[in-house]
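Peer 1: Residue numbers (the working numbering): 808 to 999. Take this structure first; my questions come after.
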């Protein structure tokens, strides 16, 4: 858990500056932080399942260029999270999917190799493959289906932050949904 400094209705990670937690931020401090730190950006990621596979894309841009993660990107003004996930999935992979429930919210804060600060709030949504042939596009250098065995990702390439944990959560949620649907069908059949 990351400690935050809270003062006068504002909060920032405790390690973002050398300010002590007992000193309130003044205008000069806030301006200095805002000039160095990126504002948080909201993004939707499509954690797309097909049988015992999950769809991954290789990032062609910073942050984490060259690593593998989920298709996704910034939510446009007026766009819902579900629509953003569906749009980004199509742009980056050529795949269409049914977009379902929220899996997790992942916060990624850091610096790229050039020293630029980034801060993303990634909303991971569970998606189920409908159709389409894989083709990398937009900011995806490559895309592929990765095997998941016993709920764990079986993939030997460099992963972006939080990918392995999010795959486990996605397959756990998927299993729960399948089980609930099965129980509902059995319950309705036994009523006759």
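C-beta: ideal position from N, C-alpha, C; glycine also.
(1) Ignoring anything shorter than 3 residues, give me the beta strand (DSSP E) runs that lie fully in the stretch 908–939, in order along the chain.
(2) Is the stretch 926–933 close to the stretch 969–988, with three or more CB pairs under 8 Å?
(3) Give a yes or no on whether the C-beta atoms belonging to residue 913 and residue 969 are separated by under 8 Å.
(4) Taking the beta strand (DSSP E) that residue 866 falls in, what are its first and last residues?
(5) Give me, in chain order, the residues of the same chain whose beta-carbon lies closer than 8 Å to that of residue 962; leave out the 5 immediate sequence neighbours on both sides.
(6) Kindly give me the distance between the Cβ atoms of residue 878 and residue 849, rounded to whole angstroms, as I take these residues to be in contact under 8 Å.
(7) Tell me the DSSP secondary structure of residue 972 in three-state form.
(8) Which of helix, strand or coil does DSSP assign to residue 872?
Peer 2: Per the coordinate set shown:
(1) 924–938
(2) yes
(3) yes
(4) 860–866
(5) 863, 875, 953 and 954
(6) Rounded, the Cβ-Cβ distance is 16 Å, inconsistent with contact.
(7) helix
(8) coil
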